[in-house]
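Asks: Would you mind keeping the following structure in view while I ask a few things?
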């Protein structure tokens, strides 16, 4: 944080999050090319920050009824750059947030049903690391969160284009592009709407260069690969872990040192969940989106 606004911030971010691999950048480009007319820049009804907060509290109450220790709080704030952000047991919502109505429910499964749920599941475990976070846990967290959007029927083409745009924006930053260069690339070359291109560029260039935004698509790609190999989804909710630590955590479960997840996402109760998950086991990310 002391290096915000300096070249050192970019290099710290590069060291922490890494750069997108060539396959991921190509996947992102393919998504943008094959979904060129899919932006969500319409005049549909929007939810205010108060309405989003009410939806979040309803989801929190649902989990609290199952696990009394699920004491998450919702706080409206003017100090975050994104519309929503989870930190430990708190969900922060920007006072300026205006979210398309059809995006609210998927976002609740993203923020409450993934990020908060895995935090509180980790708190139920004897190993503190399961809620503090294993090394490199962020990619799986974001992969699970985006998968949750799909499993509740809320992963739109426009949303997927934004996730892909974040990857190519991160790569452009690594390649030395300026703010204007990145915006022009997204808007004029990749076909994003002006507002979506600007907000994506702003997220990636903030602070001097924040590369975390490439993790969403990377996490989803890697998670789908994990599912295609026949692995179960349930163990991933035990806490904040990475895919590379699943076998270790499963061994700890067999030894009784780690317990099964105290909570599973709300969509587990949805009859549409099982067939959607099964589809994930047989299709590539591009095929899944086109289906």
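In our numbering, the protein residues as written are 855 to 1145. Glycine is no exception: its CB is placed at the ideal position from the N, C-alpha and C atoms. Since this is a predicted model, take the numbers as computed values, not measurements.
Starting from residue 1031, follow the alpha helix (DSSP H) in both directions and report where the run begins and ends.
Replies: Note, residue 1031: premise wrong, no alpha helix (DSSP H); not H, not E.
Asks: Of the choices 1084, 1021, 1028, 972, whose alpha-carbon is the least far from that of residue 1071?
Replies: 1021
Asks: Could you please give the first and the last residue of the uninterrupted alpha helix (DSSP H) stretch that includes residue 1010?
Replies: Unbroken run through residue 1010: none, as it is neither H nor E.
Asks: When the Cβ atoms of the segment 953-972 are set against those of the segment 990-1008, are three or more pairs found closer than 8 Å?
Replies: Per the Cβ contact rule, the segment 953-972 is in contact with the segment 990-1008 (3 or more Cβ pairs under 8 Å).
Asks: Hey, quick one: how far does the beta strand (DSSP E) through residue 939 stretch, first residue to last?
Replies: 938-941
Asks: Use the C-beta contact count for residue 858: other C-beta atoms within 10 angstroms, 16 or more gives buried, fewer gives exposed.
Replies: exposed
Asks: Three-state secondary structure (DSSP) at residue 1058?
Replies: In this structure, residue 1058 counts as helix in the three-state DSSP scheme.
Asks: Residue 879 to residue 1048, Cα distance in whole Å?
Replies: 21 Å
Asks: Terminal residues of the continuous beta strand (DSSP E) containing residue 927?
Replies: Looking at the DSSP string, the run of the beta strand (DSSP E) that includes residue 927 is 927-931.
Asks: Ends of the beta strand (DSSP E) at residue 900?
Replies: 900-902
Asks: If you run the structure through DSSP and keep just helix, strand and coil, what is residue 979?
Replies: coil
Asks: Beta-carbon separation of residue 926 and residue 943 under 7 Å?
Replies: yes
Asks: For the candidate residues 1003, 1064, 972, whose alpha-carbon lies nearest to that of residue 1118?
Replies: The residue with the shortest Cα to Cα distance from residue 1118 is 972.
Asks: Does residue 963 pass the burial test, meaning 16 or more other C-beta atoms within 10 Å, or should it be called exposed?
Replies: buried
Asks: Which first and last residues belong to the alpha helix (DSSP H) in which residue 1107 is found?
Replies: 1100-1108
Asks: Do you know how far the Cα of residue 1030 is from the Cα of residue 992?
Replies: Between the alpha carbons of residue 992 and residue 1030 lies a distance of about 25 Å.
Asks: Please look up how many angstroms separate the CB atoms of residue 1150 and residue 1054, rounded, as I've assumed it's under 8 Å.
Replies: There is no way to answer for residue 1150, as the model of the chain reaches only from 855 to 1145.
Asks: Check for me: the beta strand (DSSP E) holding residue 864 runs from which residue to which?
Replies: Per DSSP, residue 864 lies in no beta strand (DSSP E); the unbroken alpha helix (DSSP H) holding it starts and ends at 861-871.
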